[in-house]
Amino acid sequence: MNITKFVEKIYFSHRSKTIDTYASRAEEYQEKILHHLIEEGQKTKWGKEHGFKTIATYEDFTDRMQINSYEELKPYIEQMRHGEEDVLWPGRTSWFAKSSGTTNDKSKFIPVTDEGLKGIHYAGGRDCIAAYLNINPESRLFSGKSLVLGGSHQSNYNLPGSLVGDLSAILIENMPNLANKIRVPDKSIALLSDFEQKRDQIARNTVNENVTNLSGVPSWMLSVLNRVLEITGKDTIDEVWPKMEVFWHGGVAFTPYREQYKKLILSDNMHYMETYNASEGFFGIQTDLNDPAMSLMVDYGVFYEFVPFEQLGQKNPTAVPLSDVQTGVNYAIVISTTCGLWRYMIGDTIKFTQKNPYKFVITGRTKHFINAFGEELIVDNAEKGLAKACKQTGALVKDYTAAPIFMDAKAKCRHQWIVEFAQQPSSIDEFAQSLDKSLQEINSDYEAKRCKNITLQPLEIIVAENGLFDTWLKNKGKLGGQHKIPRLSNNREYIDELIELNNKMKSRS
């Protein structure tokens, strides 16, 4: 008997049917969520200060509040962290997801309410399974266990029962007992703060399990899988876990890692599904393996608005609701949620590929781009350009970052990339030329600035020493968890640190 079919029928098939209604009822779902948010918000300090009792329409909602960054919400979040009730959301909030910081703060602390935990984050996990089982009806997912890679957490201001940490750690800590029975590793290992120790213990404690699926950030999961192979002496993951069938990945783009995973897992029955689960909420799931775009999850506790990318520098940008978005336009996401985030710009940019149902691809970050000379290079351009260059040269990229050189000794400007290869091309010059050409094909603004080398010179590739990016993150106390490499930057803060560290590593080798 295939137990997966039995489990699907009881727990997941109804969600597949609901997701199918996104094509015709997305706006209806969003209207209901906005109404619920306003109704609950009336009970809070924020709602009273912003006149929620007099909000009757979406226009009223946008008139009462500006679009907010973390700085605007921080004083209220700090009150919540100190145990105050009814601040941004009714009741007391005990969990706060620690995310990368802002200009003024080392870290952000995103509230995770009980309603948000269940109705946004766990709802997303449930629907990942529902979508996959709908795609793969012959799945035997529940014949084995799930390897879930998480971060760590610690006490929040020493308040009893209050925690701060990676979202993944909060999810593991609060996971229902039934789910824990089909998850590895043990919670005591999953929540270790030292990633190198965690990676080793995960590998040693799971090699004899029947693992059928993986969940986590591609870069960190890859490190764990390689450790599994080192310990077992096997050549592929198929030899260790022959019934492996799906990897739910998110946090960073999968493109740079796809070929490495194909070399580790040879099975034709292996599937890769992208998810969009951020500290602020669970927003998207890939529902078609032949379409890289993700479905926007429109019936969770999240009301969406979108700001056109070109308006981001304006003092009062204009957001539009889901019903008014256009395909092919780059938008910054603004959310209001049952975790108490109000008209909050989360920092990610997306582009809709279709409507009814609404599907999108992540294009980058509002602050992670290069536009030093009018080239408007975004992460999506970089990922696609690297994919083309790798295909043409046989290279495999492990990690990278890029930034502008504003003017060298000869008054020339260019982009400088530092790239750590999993498989180095035979010619770095050929790889650089291929990447440069691909970026011109993908981005017309970049092409214009590269024309005749007048504004931009050909890009430069610096080959990173093996382990550079992990060492850099470790030095900052950010190895593992949900920490990410900043891919593009309009200044040289990150790349100068990396080049200095790379030179030190090179001199020691």
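Sequential numbering from 83 applies to the sequence shown in the working numbering. By construction, the Cβ of each residue, glycine as well, lies at the ideal position given by its N, Cα and C atoms.
query                                                                                                                                                                          : result
Should the region 223 to 234 be called in touch with the region 118 to 131, which here means at least 3 C-beta pairs below 8 Å?                                                : no
What do you reckon, are the CB atoms on Tyr158 and Trp128 nearer than 9 Å?                                                                                                     : yes
On the DSSP bridge assignment, give the partners of Ser95 in chain order.                                                                                                      : Per DSSP, none; premise fails for Ser95.
What would DSSP say about Trp330, mapped onto helix, strand or coil?                                                                                                           : strand
Which residues does DSSP pair with Asn295 in a beta bridge?                                                                                                                    : Ser228 and Val328
Lys441 and Met355: beta carbons closer than 9 Å?                                                                                                                               : no
Among residues of its own chain, excluding the 5 on either side of Gln505, which ones have a beta-carbon nearer than 8 Å to its beta-carbon?                                   : Gly476, Ala477 and Leu478
At least one CB of chain D closer than 9 Å to the CB of Pro157: is that the case?                                                                                              : The chain labelled as chain D is not found in the depicted structure, where only one protein chain is given.
With a threshold of 16 other CB atoms inside 10 Å of the CB of Pro374, please say whether the residue is buried or exposed.                                                    : exposed
Looking only at C-alpha atoms, which of Asp142, Thr175, Gly173 and Ile192 sits nearest to Lys156?                                                                              : Ile192
Exposed or buried, which one is Phe88 when buried takes at least 16 other CB atoms within 10 Å?                                                                                : exposed
Taking all protein chains shown into account, do 16 or more other C-beta atoms lie within 10 angstroms of the C-beta of Arg281, making it buried, or fewer, making it exposed? : buried
Across which residues does DSSP place Gly366 in a beta bridge pair?                                                                                                            : Tyr358 and Leu378
Looking at the unbroken alpha helix (DSSP H) that takes in Ile60, where does it start and where does it end?                                                                   : The first residue shown for the chain is 83 and the last is 591, placing residue 60 beyond what the model contains.
Is it the case that the region 437 to 455 contacts the region 556 to 573, given that we only count it when at least three CB pairs across the two stretches are under 8 Å?     : yes
Hey, quick one: how far does the beta strand (DSSP E) through Ser237 stretch, first residue to last?                                                                           : His235 to Ser237
Helix, strand or coil for Thr185 per DSSP?                                                                                                                                     : No answer about Thr185 holds up, because its pLDDT of 42 lies below 50 and its placement is not dependable.
Looking only at its own chain, which residues have a Cβ that is under 8 Å from the Cβ of Met587, when we skip the five neighbours before and after it?                         : Glu547, Gly549, Leu550 and Thr553
What is the rounded straight-line gap between the Cα of Phe336 and the Cα of Pro300?                                                                                           : 7 Å
Tell me the residue span of the beta strand (DSSP E) that contains Ala504.                                                                                                     : Arg496 to Gln505
Just checking my contact of Thr314 with Val289 at CB under 8 Å: how many whole Å lie between their CB atoms?                                                                   : 6 Å
Given that a residue counts as buried once 16 or more other Cβ atoms are within 10 Å of its Cβ, and exposed if not, what is Gln342?                                            : buried
Three or more C-beta pairs under 8 Å: does that hold for the region 356 to 365 against the region 316 to 329?                                                                  : no
Provide the residue span of the alpha helix (DSSP H) that contains Tyr576, from first to last.                                                                                 : Glu575 to Arg590
How should Lys473 be labelled, buried or exposed, when 16 other C-beta atoms within 10 angstroms of its C-beta is the threshold for buried?                                    : exposed
Pairs of beta-carbons, one from the region 345 to 354 and one from the region 168 to 180, closer than 8 Å: are there three or more?                                            : no
Note down the Cα distance separating Leu561 from Phe513, rounded to an integer number of angstroms.                                                                            : 29 Å
In this structure, does DSSP put Ala212 in helix, strand or coil?                                                                                                              : helix
Are the beta-carbon atoms of Val384 and Ile417 separated by less than 9 Å?                                                                                                     : yes
Between Gly422 and Met147, is the Cβ-Cβ spacing less than 9 Å?                                                                                                                 : no
Residues in its own chain within less than 6 Å of Ser275 by CB, not counting five upstream and five downstream?                                                                : Ser234
So what's Thr103 in DSSP terms, helix, strand or just coil?                                                                                                                    : coil
Are there three or more Cβ pairs, one per stretch, closer than 8 Å when the region 537 to 544 is compared with the region 292 to 308?                                          : no
Which residue marks the beginning of the alpha helix (DSSP H) containing Ser250, and which one marks its end?                                                                  : Leu249 to Glu255
By DSSP's criteria, Glu387 is part of a beta bridge. Which residues make up the other side?                                                                                    : Pro403 and Val416
Could you tell me how far apart the beta carbons of Tyr482 and Val501 are, in whole angstroms, since I believe they sit closer than 8 Å?                                       : 4 Å
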